[in-house]
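Structure, as structure tokens:
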Amino acid sequence: MKKSLLMVVMLLVTAVIMAACSDDGEGDSDATSEPDENFNATGYPIVDEPITLQLMGKSSPIQPEWGEMGFFQEMEELTNIAFEFRTAAADDFTQSKQLAFASLDLPDLFYGADLTAGEEADYGSQGLLIPLEDLIEEYAPNFKRLMDEKPDLAASITTPDGHIYALPGIDESVTSKTPIMWMNGPWLEALGADKPETMDDFYELLKRFKEEDPGNVGNVIPLTANSPADLRLGLLPNFGIVQNDGIYEEDGEVKFAWVQDEYKEYLKFLNRLYEEELLDNEMFSHTWEQFVAKGSQTGIFSTWPIVQVGFEDPAEALNYPVLPPMTSATNDEKLTVLLSEIRRGRAAITSENEHPEATMRWIDHAYSEEGTILSRLGKEGVTYEINEDNQWVLLSEDGLSTTETNAKHAPGVGTNVPMNLTEEFFASEGGNPTILEIYDWVAEELIPYAKSPFPLVYFTDEEQRVINTRKPDIDSYFQQMEAQFITGAQDIDAAWDEYVSTLEQQGIGELVEAHQSAYDRWKEAQ
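First residue of the sequence shown: 386, per our numbering; consecutive thereafter.
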């Protein structure tokens, strides 16, 4: 069903692209116009008489309807701007977003949009997303200040045609710089076990979880993750590959991860875990709700303990240490993934928007201290409070964790929205010593081994065409075969050569060449 819908979307994109591209060069100049008298360039409200815009964004299962969130209610009161919401979760949002572009049924604003670099460049050049640089200069003092403070920010969000079509989030948190997997500390203590240092140690620990049931839960799940992608980010570096969406760079050479021998050994390891029921056998099919419901049964997992295990007292998180980087037969160097603090594609204004100046001011508020707090923490006195040391502390409602309570009013909990999460912001979390201790764990145990797989780049039209043409089939086949290899539906050794050959026929060479060209340009600009 989903694959069929994607095919329809691609056909629609092809059908409208020429009409969109011929729209008088709309994507080549900033789409600003003289704001009407209802608009205030400074101060609040942003507009004197209320206006309503349509917003499309990716929601999280832990969030309520966005119209019920304190964030949007308080922003409406401050700005006089209300929204009609078009939200969906995960894969459904991706398809809704693609269909909106293909059918030209666009919202006024994409917010929490997860726009890819290709979508920014493609839909910006077609005139469906408007250039933002003039709007930033005139009406976004908070974001403009950020660009002045971070010299690499403008380059990281400027597409090859010289325009900025989407605004990012900034996240300087230590815990956002690398993927984290968590360990069930009470189980470790019950077993008298140390943290594993090698993948052999890791296997033995999972086996002990299964056989000895240190938590007396009956049906032990030694290892689980929300998705195969989460597991890859957490464990594949231990085999020697630090990748992002299958692409990585070594000594200036771009490589494709899914055909490397190290990835093959990773698959064999997971197949062994799957066959021995040390890896959650439902990982390829469970929903988010089913995943987090397994919290009390799990030994090692990919989501924050307060979400996975579900306790009210944040201090209990200190019972769940981070899984350290490990070595293996294919890798004698401890490694993990280093993520950029610049998170692109979070908000964009479309050509349908009749109030771009007001919308830019609305977005820009999120880059102020007050706006970031409202986006990430929600309503003071309801989801957080400020203590006597002027530090923020999360609150919880009866029966809910602080995360679940927080998500009721703050879209930045569960959705990638525009925010400026500085180191100072997290330092002001000192009222919660638990979080600060976890930051120390990550800084000491993970960050020293973190490596960036590939820089933030944009692609030329031709490179993006290659990626758009080749990547969907490559991703679909890779994901299908990964599941079959791990579950044992396909024998890895017997089917490996045909698997690699099929990916080569699907164009991984062209995909790598496109990334290599973009990398070389990026390198020359450094």
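Glycine included, C-beta positions come from ideal geometry on N, C-alpha and C.
Per DSSP, residue i is paired with what?
i	result
Gln-480	Answer is none; Gln-480 lacks a bridge partner.
Leu-552	Ala-732
Arg-471	Met-441
Asn-716	Ser-713
Leu-664	Leu-608
Lys-793	Lys-793 is not bridged to any residue.
Trp-673	In the DSSP output, where bridge partners are listed per residue, Trp-673 has none listed.
Ile-466	Ile-436
Leu-806	Asp-556
Thr-721	Ala-835
Thr-683	Ile-606
Ile-727	Ile-555
Phe-424	Val-432
Val-707	Trp-567
Do you know whose CA, among the options, lies nearest residue i's CA?
i	options	result
Pro-818	Asp-477, Tyr-651, Pro-699	Pro-699
Ser-444	Ala-874, Ser-886, Ile-852, Gly-799	Gly-799
Pro-446	Thr-788, Pro-803, Asp-860	Thr-788
Lys-535	Phe-424, Gly-554, Asp-519	Gly-554
Ile-820	Gly-756, Tyr-705, Asp-858	Tyr-705
Tyr-824	Phe-811, Gly-695, Tyr-834	Phe-811
Thr-583	Glu-829, Glu-737, Ser-713	Ser-713
Leu-618	Asp-646, Tyr-651, Tyr-588	Tyr-651
Val-677	Phe-669, Asn-666, Trp-689	Trp-689
Thr-464	Ala-485, Asp-493, Asn-423, Ala-502	Asn-423
Met-441	Asp-499, Gly-455, Gly-892	Asp-499
Glu-829	Glu-889, Val-559, Val-692, Gly-631	Val-559
Ser-541	Gly-695, Val-722, Ala-502, Ala-879	Ala-502
Val-827	Leu-703, Pro-545, Tyr-496	Leu-703
Asn-666	Val-692, Pro-613, Leu-514	Pro-613
Ser-488	Glu-889, Ala-835, Leu-513	Leu-513
Arg-729	Val-694, Tyr-633, Pro-840, Gly-631	Pro-840
Val-707	Glu-674, Ile-871, Ile-832	Ile-832
Leu-888	Gly-631, Gly-497, Glu-635	Gly-631
Asn-801	Gly-497, Leu-491, Gln-439	Gly-497
Tyr-884	Tyr-834, Tyr-862, Leu-896, Gly-894	Tyr-862
Glu-726	Ser-687, Lys-592, Met-566, Leu-531	Leu-531
In chain order, what residues of the same chain lie with their CB nearer than 6 angstroms to the CB of residue i, ignoring the 5 residues before and after it?
i	result
Val-842	Ala-903, Trp-907
Ala-473	Ser-481
Gln-628	Ala-642, Pro-838
Ala-400	Unreliable placement is indicated for Ala-400, whose pLDDT of 41 sits below 50; the coordinate value is still reported in the next sentence. Counting only Cβ-Cβ distances below 6 angstroms, and skipping sequence neighbours, we find nothing.
Thr-807	Glu-557
Pro-420	Glu-742
Asn-569	Gly-684
Ser-407	In this predicted model, Ser-407 has a pLDDT of only 40, less than 50, meaning its place in the structure is not dependable; the value taken from the coordinates is given anyway. Answer for Ser-407: no residue qualifies.
Ser-781	Glu-697, Thr-787, Thr-790
Glu-662	none
With a threshold of 7 angstroms on Cβ separation, who are the neighbours of residue i within its own chain once the five nearest residues in sequence on each side are excluded?
i	result
Leu-724	Ser-561, Lys-562, Thr-563
Ala-467	Pro-435, Thr-437, Glu-461
Phe-528	Ile-521, Leu-552, Asp-749, Tyr-752
Leu-664	Leu-608, Leu-655, Leu-658
Thr-757	Ala-751, Met-804, Asn-805, Leu-806, Phe-810
Phe-594	Trp-572, Val-605, Pro-607, Gly-684
Arg-850	none
Tyr-429	Leu-463, Thr-464
Glu-755	none
Pro-581	Phe-587, Leu-590, Met-711
Gln-869	Gln-875
His-342	An answer regarding residue 342 cannot be provided, because it is not within the stretch 386 to 911 covered by the chain.
His-794	Met-454, Gly-455, Phe-456, Gly-763, Lys-764, Val-767, Thr-768
Tyr-834	Pro-710, Lys-719, Leu-720, Thr-721
Asn-853	Gly-503
Apart from the five residues on each side of it in sequence, which residues of its chain come closer than 8 angstroms, Cβ to Cβ, to residue i?
i	result
Asp-646	Thr-715
Val-432	Asn-423, Phe-424, Asn-425, Thr-464, Asn-465, Ile-466, His-740, Ala-743
Gln-675	Glu-667
**Report entry** Inter-stretch contact at 8 angstroms, needing at least 3 Cβ pairs: the segment 596-610 / the segment 731-742
**Finding:** Segments in contact, no.
**Report entry** 4 or more residues per run - each alpha helix (DSSP H) lying fully within the segment 559-614
**Finding:** 570-576, 584-597
Query raised in the report: Is there contact here, the segment 742-757 with the segment 523-538, by at least three beta-carbon pairs under 8 angstroms?
Result: yes
**Report entry** the segment 715-723 contacting the segment 620-640, beta-carbon criterion three pairs below 8 angstroms
**Finding:** Touching, per the Cβ criterion.
Query - Complete runs of the alpha helix (DSSP H) confined to the segment 609-660 [at least 4 residues] - result: List check, alpha helix (DSSP H) in window: 613-620, 646-660.
Query raised in the report: Is the segment 530-544 touching the segment 760-775, taking contact as three or more C-beta pairs under 8 angstroms?
Result: no
Report task. At 4 residues or longer, and completely inside the segment 808-852: list those alpha helix (DSSP H) runs for me, N to C. Result -> 808-812, 818-830
Report task. Would you be able to state if there are at least three C-beta pairs under 8 angstroms between the segment 447-456 and the segment 476-494? Result -> no
Query raised in the report: What runs of the beta strand (DSSP E), each 3 residues or longer, lie entirely inside the segment 485-539?
Result: Here the runs fully enclosed are 494-496.
Query raised in the report: Which full runs of the beta strand (DSSP E) of 3+ residues lie inside the segment 753-783, going along the chain?
Result: 769-771, 777-779
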